[in-house]
Amino acid sequence: MSSLAQLDGRHIVLGVTGSIAAYKAASLVRLYKKAGAEVRVLMTKSAEQFIPALTLGTLADHTVHSEIFPEHDSDSWTAHVSLGLWADLFVIAPATAQTVAKLAHGFSDNMLTATALSARCPILVCPAMDLDMYQHPATQANFERLRSFGYEVMPADYGALASGLEGQGRLPEPEAIAARTAARISEVDSEVDSEVNADTSAQSALSREEGDGAPSGTTGPFYGKHVLVTAGPTEEPIDPVRMLTNPSTGTMGFALAEAVAAQGATVTLVSGPTHLDTPSGVTRVDVRTAAAMNEAVQARRNTADVVFMAAAVADYTPAHPSDSKKKKTEGTQTLTLKRTPDILKTLGEHKRDGQVLVGFALETDDARANAQDKRTRKNLDWIVLNKATDPGSGFGTGTNACTLFGPNGYESQIATAPKRDVAVSIVAQVARHTPALQPAPTS
Ligand code: C5P
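Residues in the sequence shown are numbered consecutively from 3, following the working numbering.
Written as structure tokens, this is what we have:
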């Protein structure tokens, strides 16, 4: 069965706004129609600068609207209301910063925005804009506002932008939007089903609370994949009251677990000691030492499709930890240390065909060369380089800046951003460049 099968016979209103990515709307309409959906297209006037209404109207097999006031003899001035009631889902792709701002503040100055206000169905907003517009606090606040209304905002993709810059702001590919549309429709269907069957609904809510690791999205590049993430520091006991550790808070690994769960993965998070809450839908395994983390990870290596090894694992552990508190003595003390297992290197040595390994490197000197060397030496697909000397990067900061090295010489910079955004970017780039994580072709 095609992944778009849920679209058969469904009513989709597609809003198209004035972005260079508007050309992708033509492919999106085709995908919807091919999957058996009925489509009505609404365009803003500026969208028509990028793609003719005739193109989208011909593909949709229906007249395109842009003004609230009747444009055709057959139109009613209440078309925005009837379309809002007719739709099973209203998708806005591409959504410019301008339309996002209008939607966030209840404007109804064209057919698209008026229909959004009238719609009783779920709304999926797919922004596309230049990276600085995307990152601007006004735009980010507007996304949050839309989410607070119950709209879904699909994160923009990373990559080359029309401006010549590189970063987050690309409209996701039509296949990804169509897959998300189908998934949203089936989520809505199951919400309706569970209202009918309250017992079933209560049961599934309970199992989610218990953290059964069920994927939170029913589609996405990681749907059906088991992803193992490690996070946080390890603690290596010297005696019952002393230990060797490091300042890792676990924030980056937890953000990765959250980001990959949102893309449909079944996620196991092996965490060293942290104060962080477990992201929803993620199964957490708590460990303390490098040895315990190694055991937890190696036990899962045969079932993991992707591993993000973000934990700051201690390289050395006391060779002879004491069961009782060591007494203070005058003069110096010598502590004999032994190497911990290199968890990631062991994973690399046992890597299965198609398994994807992502490591992290925190470097101070010769950062690039060391990170690339680590990628090869540990048999990794990807390595994320943090320079400990960069402000706003590394341990204990809420932000991160890194360089991502991948297969075939792939290299990309991720500018300083909150760790959650950096995690979304890493996950998106890994997904885009991993053949096994590409959306299934639609028939
Ligand atoms: O060699 P280095 O410690 O710099 O490598 C960093 C990467 O290796 C990180 O992904 C870290 O989680 C992982 N690592 C590991 N086991 C160790 C030390 C590091 O898996 N003992």
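Every residue gets a Cβ at the ideal spot worked out from N, C-alpha and C, and that includes glycine.
Fair warning: this is a prediction, and the values are worked out from it, not measured in the lab.
Original post:
For Pro235, which three-state DSSP category applies?
Top reply: For Pro235, the secondary structure class from DSSP, reduced to helix, strand or coil, is strand.
Original post:
Considering only C-alpha positions, which residue in the set His435, Thr401, Val424 is nearest to Tyr412?
Top reply: His435
Original post:
Taking just the CA atoms, how far does Val43 sit from Leu33?
Top reply: 14 Å
**OP:** Compute the beta-carbon to beta-carbon distance between Ala158 and Gln170, rounded to the nearest angstrom, for a pair I have assumed lies under 8 Å.
**Re:** 5 Å
Subject >> Contact set for Glu168: own chain, Cβ-Cβ below 6 Å, skip 5 residues either direction >> reply: So the list reads Ala162, once near-sequence residues are dropped.
**OP:** In the DSSP assignment, find the unbroken alpha helix (DSSP H) run with Ser150 in it and report its ends.
**Re:** 139-150
Original post:
Skipping 5 residues on each side, what residues in its chain have a beta carbon closer than 8 Å to that of Pro261?
Top reply: The residue you asked about is not Pro; residue 261 is Ala in the sequence shown. Within the same chain, Ala261 has close Cβ partners Arg422, Ala425, Val426, Ile428, Val429.
Original post:
For ligand 1, any of its heavy atoms closer than 7 Å to the Cβ of Leu258?
Top reply: no
Original post:
At a cut-off of 7 Å, is Asp134 close to ligand 1 when judged by its beta-carbon and the heavy atoms of the ligand?
Top reply: no
Subject >> Test item: CB-CB of Gly234 and Gly255 under 8 Å >> reply: Result yes, Cβ atoms of Gly234 and Gly255 sit closer than 8 Å.
Original post:
Where in the segment 320-397 do unbroken runs of the beta strand (DSSP E), each at least 3 residues long, occur, reported from the N-terminal end onward?
Top reply: 339-341, 358-365, 384-389
Original post:
Which word fits Gln1, buried or exposed, when buried means at least 16 other C-beta atoms lie within 10 angstroms of its C-beta?
Top reply: The requested residue 1 is not part of the displayed model; the chain covers only 3 to 445.
**OP:** Answer yes or no: the CB of Leu346 versus the heavy atoms of ligand 1, is any distance below 7 Å?
**Re:** Within the cutoff, so yes.
Subject >> Whole-angstrom distance between Val243 and Lys329, CA atom to CA atom >> reply: 11 Å
Original post:
Among Ser120, Lys353, Thr101, Ala178, which residue has its Cα nearest to the Cα of Asp307?
Top reply: Lys353
Subject >> For Ala363 and Leu346, the rounded distance between their alpha carbons >> reply: 12 Å
Subject >> Cut-off 6 Å between Cβ atoms - residues of its own chain near Ile94, not counting five sequence neighbours on either side >> reply: Gly17, Val127
Original post:
Just the Cα atoms here: how many angstroms apart are Asp288 and Pro281?
Top reply: 14 Å
**OP:** Out of Ala403, Glu365, Gln431, point me to the one whose CA is closest to Pro409's CA.
**Re:** Gln431
**OP:** Please indicate yes or no: does the CB of Pro235 lie closer than 7 Å to some heavy atom of ligand 3?
**Re:** Absence of ligand 3 is noted for the structure shown, with ligand 1 being the only ligands found.
Original post:
Buried or exposed: Gln415, going by 16 or more other Cβ atoms within 10 Å of its Cβ?
Top reply: exposed
**OP:** Could you check what DSSP says for Gln415 in three-state terms: helix, strand or coil?
**Re:** Strand, per DSSP.
**OP:** Using 7 Å as the cut-off, classify the Cβ of Ala313 as near or not near the heavy atoms of ligand 1, replying yes or no.
**Re:** yes
Original post:
So is the beta-carbon of Asp383 under 7 Å away from any non-hydrogen atom of ligand 1?
Top reply: Taking non-hydrogen atoms of ligand 1 into account, the C-beta of Asp383 is found less than 7 Å away from none of them.
Subject >> Cα-Cα separation, Asp241 to Ser326 >> reply: 6 Å
**OP:** Tell me whether Ala37 sits in a helix, a strand or coil according to DSSP, three-state version.
**Re:** coil
Original post:
Going by alpha carbons, who is nearest to Thr276 out of Arg303, Arg302, Thr247, Ala263?
Top reply: Thr247
Original post:
Just reading off the alpha helix (DSSP H) that Tyr284 is part of, what are its end residues?
Top reply: Correcting the residue identity first, residue 284 is Val in this sequence and not Tyr. No alpha helix (DSSP H) contains Val284, which is instead part of the beta strand (DSSP E) from 284-288.
Original post:
Between which two residues does the alpha helix (DSSP H) harbouring Gly59 extend?
Top reply: Its alpha helix (DSSP H) spans residues 55-62.
Original post:
Relative to ligand 1, is the shortest distance from any of its heavy atoms to the C-beta of Pro249 smaller than 7 Å?
Top reply: In this structure, Pro249 has its beta carbon at no less than 7 Å from each heavy atom of ligand 1.
Original post:
Between the Cα of Gly222 and the Cα atoms of Asp10, Gln8, Ala433, Ala7, which residue gives the shortest distance?
Top reply: Ala433
Original post:
What is the C-beta distance between Thr342 and Thr305, in whole angstroms, given that I count them as a contact (C-beta under 8 Å)?
Top reply: So it is not a contact: roughly 24 Å between Cβ atoms.
Subject >> Candidates Gln51, Gly38, Lys36, Lys47: closest to Ile22 by CA position >> reply: Gln51
Subject >> Gly108 versus Leu119 - alpha carbon distance >> reply: 7 Å
**OP:** Give a single yes or no on whether Gly266 has its beta carbon closer than 7 Å to a heavy atom of ligand 1.
**Re:** Not one heavy atom of ligand 1 sits closer than 7 Å to the Cβ of Gly266.
**OP:** Out of Val155, Thr19, Glu175, Leu439, state which residue places its alpha-carbon closest to the alpha-carbon of Val66.
**Re:** Thr19
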